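If you read the sequences in order, they're chains B and V.
Mind the numbering: the first sequence is residues 57 to 452 in this note's numbering, read in order.
Mind the numbering: the second sequence is residues 313 to 435 in this note's numbering, read in order.
The beta-carbon is built from N, C-alpha and C at its ideal position, and this holds for glycine as well.
Please read all numbers here as calculations on a predicted model, not as lab measurements.
Read the structure below first, then the notes.
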Amino acid sequence: MTMFSTEPSVSDSLLEELISYIGFTAEDGALLARSKALLEPSFTGAIDAFYDAIGANPRARAVFEDEVQIERQKRVLRDWLETLFSGVYDRDYFDARARIGYAHVRIGLDPSLMVAAMNILRESLHAAVNRHMDAADWEPHEIVALHSAINRICDIDLAIMLETYSEDYTSRMRGAERLAALGQVAGTIGHELRNPLAVMETSVHLLRSRVAGDEKGERHLRRLADQIALSSRIIREILALARDVPPETEKVRVLGILESVVGEMEGGAEIRVHASIAEDYEFELDPGQLRQLFTNLLTNAIQASPRGAAGVEISIEEHTDGLAIIVEDDGPGVPNHLRSKIFEPLFTTRMRGVGFGLALCRRIVESHGGHIRVVDRVGGGARFEVLLLRRAEVTP
Amino acid sequence: MSGRILIVDDNEDLAENVAELLIEEGYQAIPSISPEDAIAKASSEKYDCIVLDVRMPGMDGIDLRRKLVRSQPGACFVFMTAYASDERLELAKRSSLGVLPKPFAPGSLIELIEQCRAIKRES
Chain B
57 MTMFSTEPSV SDSLLEELIS YIGFTAEDGA LLARSKALLE PSFTGAIDAF
107 YDAIGANPRA RAVFEDEVQI ERQKRVLRDW LETLFSGVYD RDYFDARARI
157 GYAHVRIGLD PSLMVAAMNI LRESLHAAVN RHMDAADWEP HEIVALHSAI
207 NRICDIDLAI MLETYSEDYT SRMRGAERLA ALGQVAGTIG HELRNPLAVM
257 ETSVHLLRSR VAGDEKGERH LRRLADQIAL SSRIIREILA LARDVPPETE
307 KVRVLGILES VVGEMEGGAE IRVHASIAED YEFELDPGQL RQLFTNLLTN
357 AIQASPRGAA GVEISIEEHT DGLAIIVEDD GPGVPNHLRS KIFEPLFTTR
407 MRGVGFGLAL CRRIVESHGG HIRVVDRVGG GARFEVLLLR RAEVTP
Chain V
313 MSGRILIVDD NEDLAENVAE LLIEEGYQAI PSISPEDAIA KASSEKYDCI
363 VLDVRMPGMD GIDLRRKLVR SQPGACFVFM TAYASDERLE LAKRSSLGVL
413 PKPFAPGSLI ELIEQCRAIK RES
């Protein structure tokens with residue numbers, strides 16, 4: 057189903073090298089585990105201090121969408137602290153750390169912020185050790201050793217996160233380069249294939265009256281016509297993806313474009329449209345790309361929905377920072393582990409299609425300085441959420 | 313439908329197919345597979361519409377149109393192209409230019425031919 061490797065993980069050699077280079081020992085692990093009960097009451101304070109520091113940094117703050125996400129991340133951070141002092145530093149432990157680095161690429165966090173963030177946590181932990189360990193009758197040399205153990209495990213964690221970050225980042229860059237090269241070749245082939253398709257299409261039309269009444273003949277001509285239409289669509293998507301042009305924005309009447317896309321779509325009348333913006337509401341964006349975005353999201357939803365267009369809803373809302381487009385279907389939904397992959401070129405879960413549609417959506421959205429994601433729809437199905445930022449808020 | 317139509321495309325199968333389906337619709341359609349041949353055909357006959365491919369070896373459809381305009385004052389021109397981007401086609405549509413992306417449904421070719429002829433008659 058996928059051409060890409062899935063779960064991030066740390067290579068054995070990197071892990072061994074890190075542990076021996078940093079000098080993390082079984083004694084360190086035992087000390088961390090022993091201190092856990094005493095340090096645990098300080099976790100909440102450490103977590104709050106961490107998010108206070110994030111709130112004060114606009115670049116870090118920008119990564120989080122809302123309070124709900126911050127609350128979720130606080131729970132992730134608590135898990136991280138709990139396992140940091142678990143005393144068990146096995147394969148699962150390090151793979152979980154790798155996933156954190158991977159998640160940071162996805163949300164676009166700069167690695168320099170990861171280093172700063174780790175330092176904030178490290179200082180909170182050292183302060184907690186200083187506060188509690190004396191009273192708990194730890195020997196001075198044990199306290200010194202605990203400080204070192206905390207430093208070592210934090211160093212290993214950070215190294216793994218950064219390594220995963222750079223691996224994932226590099227592979228994304230390579231993917232983009234490959235796509236650009238592939239795009240040039242695909243573009244030429246795509247154009248060239250349109251001539252033979254035009255011959256086939258006209259031949260099918262000419263044959264139609266000659267096989268009229270012949271059920272089998274008609275069935276095969278219908279199949280040919282369907283496949284020609286499909287080939288055409290694939291070519292159009294490849295060409296759109298190959299032609300990486302920056303958006304040419306102008307004030308566009310959003311609902312006008314949506315109406316025209318829905319009107320041209322097979323079964324389009326069955327799509328439920330909810331718009332909380334005025335009929336003549338205008339937004340600055342590239343009209344051709346918006347059309348493409350609507351078309352691809354809706355086509356995708358119709359194909360995912362067992363009821364076709366009747367199972368699809370699209371909502372357009374104005375947000376403080378831009379325009380939100382939400383497309384929902386009543387299909388099977390997108391499992392968690394595929395949620396970032398479905399936006400990669402050449403990834404598809406469908407038997408028909410080559411996996412350019414959503415990749416193109418992502419490129420259009422990102423070139424408008426927005427983001428796209430997929431979540432579960434309440435009551436089953438998938439929910440694609442797009443936010444297109446107002447031009448003034450797009451930083452180059 | 314009636315009228316004389318010249319179809320120019322270096323893809324012989326396509327030129328013939330287009331001619332054939334226009335004939336079925338009642339037109340008099342003549343296929344031509346090179347710009348030189350089209351120029352020769354246009355020097356001896358008058359056409360109501362000339363349907364031409366944009367990209368052809370030797371001379372492209374744009375230059376060919378320029379050459380044919382004088383000898384065919386009554387003809388409108390419809391371009392067929394495999395190379396236009398969606399944005400350009402949208403632009404052509406808005407400026408009522410006769411441009412048809414390949415592949416196309418025969419119905420849309422005929423619609424475009426008739427549209428262009430109507431505009432030509434009005435001018």
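* Which chain B residues are close to V:K358, counting only those with a beta carbon under 8 Å from its beta carbon? -> Result: empty, since nearest Cβ-Cβ is about 25 Å, beyond 8 Å.
* Asked: Quick one: which chain B residues come within Cβ less than 7 Å of V:I332?
  -> Looking at the sequence shown, residue 332 of chain V is not Ile but Glu. Residues of chain B with a Cβ closer than 7 Å to the Cβ of V:E332 are, in chain order, L262.
* Proximity to V:E324 [Cα-Cα], best of V:G338, V:L318, V:S344 and V:R316 -> Of V:G338, V:L318, V:S344 and V:R316, the residue nearest in Cα terms is V:S344.
* Are the CB atoms of B:V383 and B:I370 nearer to each other than 7 Å? -> For B:V383 and B:I370, yes; Cβs fall inside 7 Å.
* Asked: Should the segment 372-386 of chain V be called in touch with the segment 221-229 of chain B, which here means at least 3 C-beta pairs below 8 Å?
  -> The answer is no - the segment 221-229 of chain B does not touch the segment 372-386 of chain V, with fewer than three Cβ pairs under 8 Å.
* Asked: Span of the beta strand (DSSP E) holding B:K307?
  -> E306 to R309 is the extent of the beta strand (DSSP E) around B:K307.
* Any chain B beta carbon closer than 7 Å to V:D325 -> Interface residue (Cβ-Cβ distance to chain B less than 7 Å): V:D325 is classified as such.
* Asked: Given that V:P369 touches chain B, what residues does it touch there, using C-beta distances under 7 Å?
  -> Within 7 Å Cβ-Cβ: nothing; V:P369 doesn't reach chain B, min ~13 Å.
* Asked: What are the partner residues of B:R439, as DSSP defines its beta bridges?
  -> B:R439 is bridged to B:E384 and B:V431.
* Return the bridge partner residues of V:C388 from the DSSP annotation. => By DSSP's assignment, V:C388 forms a beta bridge with V:C361.
* Ranges of the beta strand (DSSP E) found wholly within the segment 318-346 of chain V, counting only runs of at least 3 -> For the segment 318-346 of chain V, the full-length beta strand (DSSP E) segments reaching 3 residues or more read 340-344 along the chain.
* Thinking B:V421 and B:L444 are a contact (beta carbons under 8 Å), I'd like their distance in whole angstroms, please. => B:V421 to B:L444, Cβ: 7 Å. Contact.
* Which of helix, strand or coil does DSSP assign to B:M407? -> Any answer about B:M407 is weak, because its pLDDT of 49 lies below 50 and its placement is not dependable; what the coordinates show is given next. Correct three-state label for B:M407: coil.
* Assuming B:S288 contacts B:L253 under a Cβ cut-off of 8 Å, what Cβ separation, rounded to an integer in Å, is found between them? -> About 6 Å separates the Cβ atoms of B:S288 and B:L253, confirming a contact at the 8 Å cut-off.
* Asked: For V:K414, which residues in chain B fall below 8 Å Cβ to Cβ?
  -> Correct list: R250, N251, L253 and A254.
* Specify the secondary structure class of B:S76 as computed by DSSP and reduced to three states. => Correct three-state label for B:S76: helix.
* Would DSSP call B:E400 helix, strand or coil? -> Correct three-state label for B:E400: coil.
* **Reduced DSSP secondary structure (H/G/I, E/B, other) of B:T139** => Reduced to three states, the DSSP call for B:T139 is helix.
* **Buried or exposed (CB count within 10 angstroms, at least 16 for buried), B:H42** => This structure cannot speak to residue 42 of chain B, because chain B is shown only from 57 to 452.
* Asked: Cα separation between V:L421 and V:S397?
  -> The alpha-carbon atoms of V:L421 and V:S397 are separated by roughly 18 Å.
* Return no unless some Cβ of chain V is closer than 7 Å to the Cβ of B:T376. => It does not: the Cβ of B:T376 has no partner Cβ on chain V nearer than 7 Å.
* Cβ-based neighbour list, V:K353, same chain, cut-off 7 Å, excluding 5 preceding and 5 following -> Excluding positions up to five away in sequence, the list reads L318, I342 and S344.
* Would you mind telling me which residues of chain V sit closer than 9 Å to B:R278, beta carbon to beta carbon, in chain order? => None at all; the shortest Cβ gap to chain V is about 14 Å.
* To do: Check V:R316 in the structure and name its three-state DSSP category.
  => Correct three-state label for V:R316: strand.
* To do: Output yes if chain B places a C-beta closer than 7 Å to the C-beta of V:P418; else output no.
  => Cβ-Cβ to chain B under 7 Å: yes for V:P418.
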